[in-house]
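Going from the sequence shown to the numbering used here is simple: count from 1 and add 8.
Structure first, commentary second.
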Amino acid sequence: MGKDQTVLFHSTVFGPIHSRRLGTSLGINLLPDDGKVCTFDCVYCEAGYNAQGTGTTGLPAPERVRRDLEAKLREMKEAGQNLDVITFSGNGEPTLHPQFPEVVEIVNGLRDRYFPQARTSVLTNSTRIFDPGVAEALRLVDNNILKLDSAIEPTMRLIDNPVQESFTVERLVEALKQFSGEGIIQTMFLRGEHAGHRIDNTTDEEIDALIEAYRKINPKEVMIYSLDRSTPEERLERVEREELDCIAERIRQAGITVMDF
């Protein structure tokens, strides 16, 4: 059974926060600050299910992103703070913003001015990479982090609940090939139950299918992780570090780089 969970970011720029994988990170939320907009409805999303609604504030204009981010970067610079990465994440799927390419250019420009050593990152669920404009914008960021939670169709649907029926693993893997050697594939490992069905993407069959997909995609590296925050589906189980290490080793043995975690 799910629970009424809404852990939202209530601003366009948030943080800095410390990311286990990316370091000191400043977040960019291109979605409403009082609702969620996403093309997935993941059982593990810390922001909750899409049923909570899209809120009332709408999407921030590019100029608002510019103003808010520049103010924060100036403040951090004057305070002598460090910044490792600026990350597009927030209350849903960032690439849904109709002016996403323009915002990427704004953010890159401000990064270059204030913290040129910092990287820019996008956490995307990969549903919008079929749009040439979005795909080109993703090539402009340093860390293009693309989601692939399962390479087996029924499992992907149980975990990610894509809004569009036309979205399939087969189409996704084919589209991800366009980022060969550049993209970072992110996979969430978990077990549990949802809507009366058992979820487990840690089985030999699942991992073999993921390895086959990774080989086709040829990512720069793979980022694997498990649950570390509250989820809207209550019957989910975290995969512990020791088991993740074993999964990572299997992936590495297949000749694929796995990011340290």
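Positions of the beta carbon are idealized from the N, C-alpha and C atoms, including for glycine.
Residues near Ile193 by beta carbon distance below 6 Å, same chain, minus five either side: Leu154, Leu156, Pro227 and Val230
Cβ-Cβ separation, Ser134 to Thr95 (assumed contact under 8 Å), whole Å: Contact between Thr95 and Ser134 does not hold, since the beta-carbon distance rounds to 16 Å and is not under 8 Å.
Boundaries (first-last residue) of the beta strand (DSSP E) holding Val130: From DSSP, the beta strand (DSSP E) with Val130 extends over Arg127 to Thr132.
Cα-Cα separation between Ala262 and Glu213, rounded to whole angstroms: 15 Å
Spatial distance of Asp168 from Asp49 (CA atoms): 6 Å
Residues near Leu91 in its chain [Cβ-Cβ closer than 7 Å; skip 5 each side]: Pro24, Thr32, Leu34, Met84, Phe123 and Ala126
Nearest to Val177 (by Cα), restricted to the options Gln89, Asp41, Leu218 and Glu144: Closest option to Val177, Cα to Cα, is Leu218.
Cα-Cα separation between Met164 and Ala87, rounded to whole angstroms: Their Cα atoms are separated by approximately 44 Å.
Whole-angstrom distance between Phe269 and Glu250, CA atom to CA atom: 12 Å
Burial state of Ala69 (16 or more Cβ within 10 Å): exposed
Buried or exposed by the 16-neighbour rule on C-beta atoms within 10 Å, applied to Met9: For Met9, the pLDDT reaches just 43, beneath the cut-off of 50, and the residue's location in the model is therefore unreliable, although a value from the coordinates is still provided. Exposed is the call here.
Boundaries (first-last residue) of the beta strand (DSSP E) holding Tyr233: Glu229 to Tyr233
Beta-carbon proximity check, Leu198 vs Tyr52, cutoff 8 Å: yes
Backbone secondary structure at Gln89 - three-state DSSP: coil
Nearest-angstrom Cβ-Cβ length linking Asp41 and His18, presumed shorter than 8 Å: 5 Å
Stretch pair the stretch 200-208 + the stretch 238-246: three plus CB contacts closer than 8 Å: yes
Reduced DSSP category for Thr62 - H, G, I as helix; E, B as strand; rest coil: coil
For Val266, the residue or residues it bridges with in DSSP: Answer by DSSP bridge pairing, in chain order: Val230.
Where Ser116 falls: helix, strand or coil (DSSP): The amino acid at residue 116 is misidentified as Ser; the sequence shows Asn. In the structure shown, Asn116 sits in a helix (DSSP, three-state: H, G or I).
Lys44 burial status per 10 Å Cβ neighbour count (16 or more: buried): Buried, because 16 or more other Cβ atoms sit within 10 Å of the Cβ of Lys44.
One or two residues paired with Arg206 in a DSSP bridge: Answer is Glu201, bridged to Arg206.
Limits of the unbroken alpha helix (DSSP H) element including Val142: Pro140 to Leu146
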